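K.L.:
Residue numbers (mature numbering (1 follows the signal peptide of the UniProt record, and there is no 0)): -17 to -1, 1 to 216. Glycine residues also receive a C-beta, built at the ideal position from the N, C-alpha and C atoms. Since the model is a prediction, treat every value here as computed from it, not as a measurement.
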């Protein structure tokens, strides 16, 4: 039996996406987990000190994260976002996962994502420090980027296909965030322009852990209608 697990973190800005800055405030970020083994969704949460916009939610199980996201994005001379890389320098995994993202996005008439070395480095660093293969859990980095995680899907295309399959649960007549569709909505989020991913191959039942980071982050409250577009005819 193939076992697969996907995990979603959503950083949702308040007041039509406007930033609300808090200082030395403990913010609880909820992480939504669905096991395809049991089909039962459940939630975990973690506490962190943050100066970023976030939606406070009821506390739950506290999980640990050892990585700190960069306070600011590294920029290149030609871009206002994190530094970008030419696709010719990508590994086969990186090229495949970028291609699959853009195939899915094209189905909805939104622009291609650009591979981003800052995001990829962040994903790889977190993958290494989180030691997913050993702990056999998916725990979010609680960073400043959009983030999708998956386990049990091998290669670059399979994780993206699994995230995209959530389209069947998304209601375009009632646009908004749902625990069941957050991977999908981040994947095709129109205003997201940069992508960086990493993976770890494991010798246990999960086989591969995949981490993708997105900038600008999707799943912003009150912005779904203009960023999660239907399939083009």
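Note down the Cα distance separating residue 162 from residue 118, rounded to an integer number of angstroms.
P.N.:
24 Å
K.L.:
Check this for me: beta carbons of residue 79 and residue 129, under 8 Å apart or not?
P.N.:
If you check the CB distance, residue 79 and residue 129 do not come in under 8 Å.
K.L.:
Using CA coordinates, which residue listed in 211, 192, 153 and 116 is at the minimum distance from residue 200?
P.N.:
211
K.L.:
Report yes if the CB atom of residue 98 is closer than 8 Å to the CB atom of residue 179, and no otherwise.
P.N.:
yes
K.L.:
So what's residue 191 in DSSP terms, helix, strand or just coil?
P.N.:
strand
K.L.:
Check each candidate in 120, 114, 184 and 91 and name the one with the smallest Cα separation from residue 155.
P.N.:
Comparing Cα-Cα distances from residue 155 to each of 120, 114, 184 and 91, the minimum goes to 91.
K.L.:
Using only alpha-carbon positions, find the residue among 71, 141 and 167 that is nearest to residue 207.
P.N.:
167
K.L.:
Using the C-alpha atoms, what's the distance from residue 71 back to residue 165?
P.N.:
30 Å
K.L.:
Residue 115 to residue 183, Cα distance in whole Å?
P.N.:
8 Å
K.L.:
If you count every other CB in all the chains shown that lies within 10 Å of the CB of residue 126, and 16 or more means buried, which is it?
P.N.:
buried
K.L.:
Which of the three DSSP states, helix, strand or coil, is assigned to residue 197?
P.N.:
strand
K.L.:
Classify residue 75: buried if its beta carbon has 16 or more other beta carbons within 10 angstroms, exposed otherwise.
P.N.:
By the neighbour-count criterion, in which 16 or more other beta carbons inside 10 Å mark a residue as buried, residue 75 falls on the exposed side.
K.L.:
Tell me, to the nearest whole angstrom, how far the beta carbon of residue 134 is from that of residue 192; I am working on the premise that it is less than 8 Å.
P.N.:
5 Å
K.L.:
Quick one, are the C-beta atoms of residue 194 and residue 88 less than 8 Å apart?
P.N.:
no
K.L.:
Roughly how many angstroms separate the alpha carbons of residue 205 and residue 153, rounded to a whole number?
P.N.:
Taking the straight line joining both Cα atoms gives about 15 Å.
K.L.:
Indicate the three-state DSSP secondary structure (helix, strand or coil) for residue 78 in the structure shown.
P.N.:
Three-state result, residue 78: helix.
K.L.:
From residue 110 to residue 94, what distance separates their C-alpha atoms?
P.N.:
27 Å
K.L.:
Around the C-beta of residue 131, are 16 or more other C-beta atoms found within 10 angstroms, so that it is buried, or is it exposed?
P.N.:
buried
K.L.:
Measure the beta-carbon distance from residue 169 to residue 136 and round it to whole angstroms, keeping in mind my assumption that it falls under 8 Å.
P.N.:
That belief does not hold up - the Cβ atoms of residue 169 and residue 136 are roughly 16 Å apart, past 8 Å.
K.L.:
Mind checking residue 213: buried by the 16 CB within 10 Å criterion, or exposed?
P.N.:
With fewer than 16 other Cβ atoms from the protein chains shown falling within 10 Å of its own Cβ, residue 213 counts as exposed.
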